[in-house]
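J.:
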Amino acid sequence: MGGPEIERLIELLARLPGLGPRSARRAALHLMKRREALLEPLADAMTTAARAIQVCSVCGNLDSRDPCGLCADGKRDASVVCVVEDVADLWAIERSGAFRGRYHVLGGVLSALDGTGPDDLRIASLVARVRGPGDAPGEVREVVIATNATVEGQTTAHYIADRLAGTGVAITRLAHGVPVGGELDYLDDGTLSAALRARRAV
Amino acid sequence: MPAQPLPIPGGPAKLALVRLSLSDFRCYRRLRLECGPEPVVLTGANGAGKTNLLEAVSFLAPGRGLRRASLAEPDRRHGPADDGRSGEPGGSWAVAAVLATPSGPLAIGTGREAGTERRAVRIDGVPRSGQKDLAERLSVVWLTPEMDRIFVEAPKSRRRLLDRLVYGFHPEHAAALSAYEHCQRERTRLLGEGVRDDAWLGALEDGMARHGIAVAAARRVTVERLDRSARAGWPQFPRATLALTGDVDRWLEAMPAVDAEERLRGGLKAARDGDAALGKAQLGPHRSDLAVRETTRGLAASEGSTGEQKALLLSIVLAHARALAAERGLPPILLLDEVAAHLDRSRRAALFDALHDLGCQAWLTGTDEEVFGGLAGRARFFRVFDATVTPR
Ligand SMILES: Nc1ncnc2c1ncn2[C@@H]1O[C@H](COP(=O)(O)OP(=O)(O)OP(=O)(O)O)[C@@H](O)[C@H]1O
Ligand SMILES: [Mg+2]
Ligand SMILES: [Zn+2]
Chain A
2 MGGPEIERLI ELLARLPGLG PRSARRAALH LMKRREALLE PLADAMTTAA RAIQVCSVCG
62 NLDSRDPCGL CADGKRDASV VCVVEDVADL WAIERSGAFR GRYHVLGGVL SALDGTGPDD
122 LRIASLVARV RGPGDAPGEV REVVIATNAT VEGQTTAHYI ADRLAGTGVA ITRLAHGVPV
182 GGELDYLDDG TLSAALRARR AV
Chain B
566 MPAQPLPIPG GPAKLALVRL SLSDFRCYRR LRLECGPEPV VLTGANGAGK TNLLEAVSFL
626 APGRGLRRAS LAEPDRRHGP ADDGRSGEPG GSWAVAAVLA TPSGPLAIGT GREAGTERRA
686 VRIDGVPRSG QKDLAERLSV VWLTPEMDRI FVEAPKSRRR LLDRLVYGFH PEHAAALSAY
746 EHCQRERTRL LGEGVRDDAW LGALEDGMAR HGIAVAAARR VTVERLDRSA RAGWPQFPRA
806 TLALTGDVDR WLEAMPAVDA EERLRGGLKA ARDGDAALGK AQLGPHRSDL AVRETTRGLA
866 ASEGSTGEQK ALLLSIVLAH ARALAAERGL PPILLLDEVA AHLDRSRRAA LFDALHDLGC
926 QAWLTGTDEE VFGGLAGRAR FFRVFDATVT PR
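Going line by line, the protein sequences match chains A and B. Position one of the first sequence corresponds to residue 2 (the working numbering), numbered consecutively onward. Position one of the second sequence corresponds to residue 566 (the working numbering), numbered consecutively onward.
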């Protein structure tokens, strides 16, 4: 069946979330049948993305610029920082359109069993960002902790609140009408913006 | 002449499985079973597939089912085991059920979804992440031969039974319990690795305190309910007096829950060194025990004869069914694996009458059909033979 090139394509596609070997074969075939309309443009888009996309050194977002578009946008409120687990959560909140501040992407949650500790997450850079340079108070006034309502998400939130205690910034949490085990990415925009508006102090 | 039990407020309520479909579940490749609201009796030889059927039903409730199986364990194995192993794995298992409820039919599907580490649950076709959704809709309680020694075993099996009884009243109990256990495991791991990050340990101890006290409080009110219900129960069964023993349970007797939470948080923090040395937490609801006495004689349950212990256990489960029927209008589905054969004739008759009064759909198994004579006309009988099930 096919050559090694096709096998390789299928094997790589099968590693994508939501695709198993079977759907990967179907996707590969689909791409090859639409060489000009799909396969080549996709290959180009991937090459470009692979070259251009970087992790924002300020917030951890993914963008072709560093600092990212959100960090560079002067119209956004730099005094409020929303802390999320993952870029997917940032996207979810942006989709809801309910938040006009800045973000900080942790890159995961604390999990002793998975071997993920504070040093594996962007926590030190968050604390530095909130403290501001030198002795001068930073421009951050409020940190909204928007980790997921899972046990790990809550532990991480508690940890961050503890680390930021004494910095003088207000620390708030999403008002969780968010179900336990619920992940931000799965919430509808209405629920998410309501949770953001009704955030409460911890 | 024994006194009659009090009627159940609101009359017998109905929650019943009316259709059960299995695929690649244990010895069953495919099975479709239609039943009514009345009790179901499954008889057949050893190894025919009776307990497997009850296990399938037990997956309609939160948890790992009545065998506490790992996720892939129920996958049907087949093929000759000529290389000494237990045969080739089949597809991933699935159990689908249609239930009759007071508010109309309800479809529940569950099984192992290939590629995920979790049991998938669908209710009326919609995927659900939390098992709380299951507990909100129905309660399933079981008695198996493995539970015969529950009163003499370590506290763990009694806690497990109690927690299952709690689910019926507090659907969020399963989530609270697993959140508690998660934080506990994480903390034990950190302490074991010598990580003394105060903020991290503090965050985990906070989780243990919040979820742990919620767990203990739900157990406490459930024990009170069971006690009340047992008092109005069936006179042919021994009556059980229940009590929770454990530090957190004592705190909840003496102080508001928020104070108990604070105390657990502080206690855990103070015990870090000792817990690190022991490799486990010494404080918390995972240390509680359910103490059971036979009310009339005041004897500890473990001092009763084998048959008496079984009857006492059954009376707890019936008290629970009665309380659930009265309070939520939904009796549990009872899975009684090889229970009837071990009761004397009069208790057996009392059990059948109790099931009838409760309007409970009980699933009863046994090797001999004669034992279930008292249910003739009041139950649906099936014969299980070599992984096929036929109505009698
Ligand atoms: N994953 C599996 N795949 C295939 N068969 C299995 C699997 N797990 C168990 N079995 C088999 O299913 C058969 C029926 O088991 P089950 O426990 O339901 O019997 P039973 O009717 O309750 O018998 P008993 O009267 O002895 O309790 C057994 O032969 C058992 O080995
Ligand atoms: Mg059996
Ligand atoms: Zn950025």
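Just so it is clear, CB atoms sit at the ideal spot from N, CA and C, and this is done for glycine as well. Model, not experiment: these values are computed from the prediction.
Once the 5 residues before and after C925/B are set aside, which same chain residues still bring their CB inside 6 Å of it?
T.: A886, P896, L899.
J.: Using a Cβ cut-off of 9 Å, which residues of the stretch 25-41 of chain A contact any Cβ in chain B, in chain order?
T.: Residues passing the 9 Å Cβ filter: none.
J.: Can you check which of these residues, P42/A, C69/A, L40/A, E41/A, is closest to I54/A by C-alpha distance?
T.: Closest option to I54/A, Cα to Cα, is C69/A.
J.: Note down, in chain order, every chain A residue with its Cβ under 9 Å from the Cβ of G767/B.
T.: Within 9 Å Cβ-Cβ: H159, Y160, D163.
J.: For E751/B, go through chain A and note every residue whose CB falls closer than 9 Å to its CB, in chain order.
T.: Those within 9 Å of E751/B in chain A are L111, S112, A113, L114, V152, E153, T156.
J.: Run the Cβ filter for me: residues under 5 Å from any heavy atom of ligand 1, listed in the order they occur in the chain.
T.: Those residues are R591/B, C592/B, N611/B, G612/B, A613/B, G614/B, K615/B, T616/B, N617/B, R641/B, R642/B, given in chain order.
J.: Taking only beta carbons into account, state which residues of the stretch 732-758 of chain B come closer than 7 Å to chain A, listed in chain order.
T.: Cβ contacts with chain A come from A740, A744, H747, C748, R750, E751, R754, L755.
J.: So D78/A is in the beta strand (DSSP E); what residue range does that whole segment cover?
T.: From DSSP, the beta strand (DSSP E) with D78/A extends over 78-85.
J.: In or out: V786/B buried (at least 16 other Cβ within 10 Å) or exposed?
T.: That one is exposed.
J.: Which same chain residues end up closer than 6 Å to V949/B when comparing Cβ atoms and leaving out the 5 residues on each side of it in sequence?
T.: Around V949/B: L607, G609, A613, G614, K615.
J.: Could you check whether the Cβ of A626/B sits closer than 8 Å to any Cβ belonging to chain A?
T.: Not an interface residue.
J.: Do R693/B and G674/B have their CB atoms nearer than 8 Å?
T.: No, they are not a contact pair.
J.: Find the residues of chain B that neighbour P5/A, judging by a C-beta separation of less than 8 Å, and give them in chain order.
T.: Residues of chain B passing the Cβ test: none, with the nearest at roughly 26 Å.
J.: By how many angstroms is the C-alpha of G849/B removed from the C-alpha of S743/B?
T.: Computed Cα separation, rounded: 14 Å.
J.: Within the same chain, show all residues whose beta-carbon is closer than 8 Å to that of M566/B, passing over the 5 residues directly before and after it, in chain order.
T.: Residue confidence for M566/B is low, a pLDDT of 37 falling below 50, so the modelled location carries little weight and cannot support an answer.
J.: Nearest chain A C-beta to G832/B closer than 8 Å, yes or no?
T.: Closer than 8 Å: no.
J.: Measuring only the C-alpha atoms, how far is T156/A from K697/B?
T.: Straight-line Cα distance between these residues: approximately 21 Å.
J.: Alpha carbon to alpha carbon, what distance is there between K834/B and T810/B?
T.: The alpha-carbon atoms of T810/B and K834/B are separated by roughly 22 Å.
J.: Could you confirm whether any beta carbon from chain A is found closer than 8 Å to the beta carbon of D589/B?
T.: Cβ-Cβ to chain A under 8 Å: no for D589/B.
J.: Just checking: is the beta-carbon of G772/B within a distance shorter than 8 Å of some beta-carbon in chain A?
T.: It does; some Cβ of chain A falls within 8 Å.
J.: Under 8 Å between beta-carbons, which chain A residues line up against D762/B? List them in chain order, please.
T.: Residues of chain A passing the Cβ test: G118, P119.
J.: When you compare each of G61/A, V59/A, P22/A, L14/A to L43/A by their alpha carbons, which one comes out closest?
T.: For the residues G61/A, V59/A, P22/A, L14/A, the minimum Cα distance to L43/A belongs to L14/A.
J.: Short check: CB of V268/A to CB of L165/A, under 8 Å?
T.: The displayed coordinates of chain A run from 2 to 203. Any statement about residue 268/A would go beyond what the structure contains.
J.: Using a Cβ-Cβ cutoff of less than 8 Å, which residues in the same chain neighbour A73/A once the five nearest sequence positions on both sides are dropped?
T.: The residues are R66.
J.: Ordered along the chain, which non-local residues of its own chain (more than five positions away) have a Cβ less than 7 Å from that of R632/B?
T.: For R632/B, where only same-chain residues beyond five positions count, the Cβ hits under 7 Å are E620.
J.: Should the stretch 80-94 of chain A be regarded as contacting the stretch 141-160 of chain A, the criterion being three or more beta carbon pairs within less than 8 Å?
T.: Yes: at least three Cβ pairs fall under 8 Å.
J.: Considering only heavy atoms of ligand 3, list every residue whose Cβ is less than 6 Å from one of them, following chain order.
T.: Those satisfying the condition are, in chain order, C57/A, V59/A, C60/A, N62/A, P68/A, C69/A, L71/A, C72/A.
J.: Taking the straight line between their C-alpha atoms, what separation do you get for A884/B and V760/B?
T.: The straight-line gap from Cα to Cα measures roughly 47 Å.
J.: Rounded to whole angstroms, how far is the Cβ of L193/A from the Cβ of A93/A, which I believe are closer than 8 Å?
T.: With 8 Å as the limit, L193/A and A93/A qualify as a contact, their Cβ atoms being about 6 Å apart.
J.: Which complete beta strand (DSSP E) runs does the stretch 698-745 of chain B hold, if anything under 3 residues is left out?
T.: Segments of the beta strand (DSSP E) lying fully in the stretch 698-745 of chain B: 705-708.
J.: Kindly indicate which residue of C60/A, D64/A, R35/A, R36/A has the alpha-carbon position closest to the one of T49/A.
T.: Cα-wise, what sits closest to T49/A is D64/A.
J.: With burial defined as no fewer than 16 other Cβ atoms inside 10 Å of the residue's Cβ, what is the status of S911/B: buried or exposed?
T.: Label assigned to S911/B: exposed.
J.: Tell me whether T930/B counts as near ligand 2, meaning its Cβ is closer than 7 Å to at least one heavy atom of that ligand.
T.: Checking the Cβ of T930/B against ligand 2 gives yes.
J.: Considering just the uninterrupted stretch of the alpha helix (DSSP H) at T1/A, what are its terminal residues?
T.: Residue 1/A cannot be examined here, being either before or after the span of chain A that is shown, 2 to 203.
J.: Which of the three DSSP states, helix, strand or coil, is assigned to T148/A?
T.: Coil.
J.: For a test of your reading of the model: does the CB of L792/B fall under 7 Å from any non-hydrogen atom of ligand 2? Yes or no.
T.: Correcting the residue identity first, residue 792/B is Asp in this sequence and not Leu. No.
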